[in-house]
């Protein structure tokens, strides 16, 4: 019996080693070559690729794809042009699916794509300043008509609030349980969706009554930071360079974009707001808001809010800019910060 067991184990080990060798053999046989290769590419370039045939296999066809989207097929393994125009920025996966001697092989190469445009620079003009609860550690901010809804953070003091934005009055306040740290919110189909930070739990409320109607979970993204929506898709940040797209019905994380300028990625993406077809993304611990193309993740503009924090009461708990709300007024947004005693109506102007 012992000998029989040893034979079985040996066979399994040999089988596993054999499988591992077979998967490694793809790279041993082929590699993806990029003409005039670089460390980064912009998403308006065209690259020229081919497959290096290391063992002189008889190649019948090569199909190229980027992130599972089929781009081109070549039957003779000639140099193939791949247009990167309108592709998402960030880390992209270029794959060559090869048919050689009747066998299918697959090899991949990671590409880093940045935006093809330099972001426009914007500044702001303060149009109005309204009272804001200095105890509110603002995490999310969004209008429904003239009513401003706010999510606040910190363990044991997180809440969802309905407010009068002109007076600063908190009309209704729903506290979160002590174990939850409130984060971003968005309003969609007469419901409010609110994130929590590290608890991987979101809450769903009725817009009018603020009665809690359910919960949802998120498992792919690291944490809960910001939310916004465009009327059909919900967008979620997780504190990295990623913004996730959520299914509006199931709230499942289906895909993501990565936020890049023409030179580098933007990390610590926080509060989000949908403004005139773009995502306005507050960058945590920066006096800046990025204007993001929701299709590609490219940063088209940056709003410099330097100096705005100086306009509020300076105190021990004063924290960073956070909170963007849009009310349908062109080039105008409403902003505040964590434990700021003012909410600002600002005009965004190009430098």
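Numbering (the working numbering), first residue to last: 22 to 372.
Don't be surprised by glycine CBs; every beta carbon is placed ideally from N, CA and C.
No experiment lies behind these values; they were computed from the predicted model shown.
* To do: Would you list the residues sitting across from residue 126 in a DSSP beta bridge?
  => On the chain shown, residue 126 is found 105 positions in, with the first residue counted as 1. Partner(s): 119.
* Segments assigned beta strand (DSSP E), at least 3 residues, entirely inside the stretch 237–269 -> 248–250, 255–258, 263–267, all fully within the stretch 237–269.
* Asked: Does DSSP put residue 331 in a helix, a strand or coil?
  -> Here residue 331 is taken as the residue at index 310 of the chain shown, counted from 1. If DSSP states are grouped into helix, strand and coil, residue 331 belongs with the helices.
* To do: Compute the Euclidean distance between the alpha carbons of residue 262 and residue 79, then round it to the nearest angstrom.
  => For the purposes of this step, residue 262 is identified with residue 241 of the chain shown, where counting begins at 1. For the purposes of this step, residue 79 is identified with residue 58 of the chain shown, where counting begins at 1. The straight-line gap separating the alpha-carbon atoms of residue 262 and residue 79 is approximately 42 Å.
* To do: Could you check which residue in 67, 63, 270 has the C-alpha nearest to that of residue 112?
  => For the purposes of this step, residue 112 is taken as residue 91 along the chain shown, with counting starting at 1. The shortest C-alpha separation from residue 112 is found at 63.
* Quick one: what does DSSP say residue 338 is sitting in, helix, strand or coil? -> As a working note, residue 338 is residue 317 in the chain shown. Residue 338 falls in the coil class under three-state DSSP.
* How about the stretch 115–127 and the stretch 48–61: do they share at least three Cβ pairs that are nearer than 8 Å? -> Enough Cβ pairs lie closer than 8 Å, so yes.
* DSSP three-state assignment for residue 49, whether helix, strand or coil -> Locating residue 49 in the chain shown gives position 28, counting from the first residue. Note: residue 49 maps to helix in three-state DSSP.
* The beta strand (DSSP E) spanning residue 213 covers which residue range? -> The residue you call residue 213 lines up with position 192 of the chain shown. Going by DSSP, residue 213 is part of the beta strand (DSSP E) stretching over 212–217.
* To do: Taking all protein chains shown into account, decide if residue 176 is buried (16 or more other Cβ within 10 angstroms of its Cβ) or exposed.
  => Along the chain shown, one-based indexing puts residue 176 at 155. Around the Cβ of residue 176, a 10 Å sphere holds fewer than 16 other Cβ atoms; the residue is exposed.
* Asked: Cβ atoms of residue 343 and residue 283: under 8 Å apart, would you say?
  -> Counting from one through the chain shown, the residue named residue 283 turns up at place 262. Counting from one through the chain shown, the residue named residue 343 turns up at place 322. Not a contact, by the Cβ cut-off of 8 Å.
* Nearest to residue 370 by CA position, among 179, 163, 322, 361, is which residue? -> Here residue 370 is taken as the residue at index 349 of the chain shown, counted from 1. Of the listed residues, the one whose Cα sits closest to residue 370 is 322.
* Nearest to residue 285 (by Cα), restricted to the options 138, 96, 90 -> By one-based count along the chain shown, residue 285 stands at place 264. Restricting attention to 138, 96, 90, the CA atom closest to the CA of residue 285 is found in 138.
* With 16 other Cβ atoms within 10 Å as the buried cut-off, status of residue 275 -> Reading the chain shown from its first residue, position 254 is the one you call residue 275. By the neighbour-count criterion, in which 16 or more other beta carbons inside 10 Å mark a residue as buried, residue 275 falls on the exposed side.
* Distance between residue 82 and residue 123 (C-alpha atoms, nearest Å) -> To locate residue 123, count along the chain shown from 1; it is residue 102. To locate residue 82, count along the chain shown from 1; it is residue 61. In a straight line, the C-alpha of residue 123 is about 10 Å away from that of residue 82.
* Cross-strand partners of residue 295 (DSSP beta bridge) -> As a position in the chain shown, residue 295 is number 274, starting the count at 1. Its beta-bridge partners are 300.
* To do: Put residue 186 into one of helix, strand or coil per three-state DSSP.
  => Position 165 of the chain shown, counted from the first residue, corresponds to residue 186. Residue state, collapsed to three classes: coil.
* Asked: beta strand (DSSP E) containing residue 82: first to last residue?
  -> For the purposes of this step, residue 82 is taken as residue 61 along the chain shown, with counting starting at 1. Run containing residue 82: 80–87, per the beta strand (DSSP E) assignment.
* To do: Check the C-beta distance from residue 240 over to residue 218 and give it rounded, since I have them as a contact under 8 Å.
  => Indexing the chain shown from 1 puts residue 240 at position 219. Indexing the chain shown from 1 puts residue 218 at position 197. About 15 Å separates the beta carbons of residue 240 and residue 218, which is beyond the 8 Å limit, so they are not a contact pair.
* Asked: Is the distance from the Cβ of residue 281 to the Cβ of residue 319 below 8 Å?
  -> Position 260 of the chain shown holds residue 281. Position 298 of the chain shown holds residue 319. The answer is yes: Cβ separation under 8 Å.
* Asked: In chain order, what residues of the same chain have a beta carbon less than 8 Å from the beta carbon of residue 125, not counting five sequence neighbours either side?
  -> For the purposes of this step, residue 125 is identified with residue 104 of the chain shown, where counting begins at 1. Answer for residue 125: 118, 119, listed in chain order.
* **Given 8 Å, three or more beta-carbon pairs between the stretch 174–189 and the stretch 137–156** => Flag = yes, the stretch 174–189 and the stretch 137–156 touch.
* Asked: Considering only residues of the same chain and omitting the five flanking positions on each side of residue 351, which have a CB-CB separation below 8 Å?
  -> To locate residue 351, count along the chain shown from 1; it is residue 330. Cβ within range, chain order: 297.
* What span of residues does the beta strand (DSSP E) with residue 347 cover, start to end? -> Position 326 of the chain shown, counting from 1, holds the residue named residue 347. No beta strand (DSSP E) contains residue 347, which DSSP labels as neither H nor E.
* To do: Round the Cβ separation of residue 269 and residue 255 to the nearest angstrom and send it over; I've been treating them as touching at under 8 Å.
  => Locating residue 269 in the chain shown gives position 248, where the first residue counts as 1. Locating residue 255 in the chain shown gives position 234, where the first residue counts as 1. Between the beta-carbon of residue 269 and that of residue 255 there is about 6 Å, and that keeps the pair under the 8 Å contact cut.
* Asked: residue 145 lies in the beta strand (DSSP E); which residues open and close that run?
  -> Your numbering for residue 145 matches position 124 in the chain shown. Under the DSSP assignment, residue 145 falls in the beta strand (DSSP E) whose first and last residues are 141–152.
* **Segment contact, 8 Å Cβ cut-off, at least three pairs: the stretch 194–206 with the stretch 330–337** => As far as the Cβ criterion goes, the stretch 194–206 does not touch the stretch 330–337, which means the pair count is below three.
* Asked: Using a Cβ-Cβ cut-off of 7 Å (strictly less than) and excluding sequence neighbours within five positions of residue 153, which residues of its own chain qualify?
  -> Along the chain shown, read from residue 1 onward, the residue named residue 153 stands at position 132. Answer for residue 153: 189, 357, 361, 362, 363, 364, listed in chain order.
* Asked: Apart from the five residues on each side of it in sequence, which residues of its chain come closer than 6 Å, Cβ to Cβ, to residue 294?
  -> Position 273 of the chain shown, counted from the first residue, corresponds to residue 294. Excluding residues within five positions, the ones whose Cβ falls inside 6 Å are 249, 301, 345, 347.
* Asked: With respect to 7 Å, is the separation between the Cβ of residue 214 and the closest non-hydrogen atom of the ligand FAD below this value?
  -> No copy of the ligand FAD appears in this structure; indeed no ligand is present at all.
* Tell me which same chain residues have a C-beta within less than 7 Å of the C-beta of residue 224, skipping the five on either side of it? -> Translated into positions along the chain shown, residue 224 becomes position 203. Excluding sequence neighbours, residue 224 sits near 215, 233, 236.
* Skipping 5 residues on each side, what residues in its chain have a beta carbon closer than 7 Å to that of residue 372? -> Indexing the chain shown from 1 puts residue 372 at position 351. Closer than 7 Å at the Cβ level, and outside the excluded window around residue 372, lie 142, 143, 144.
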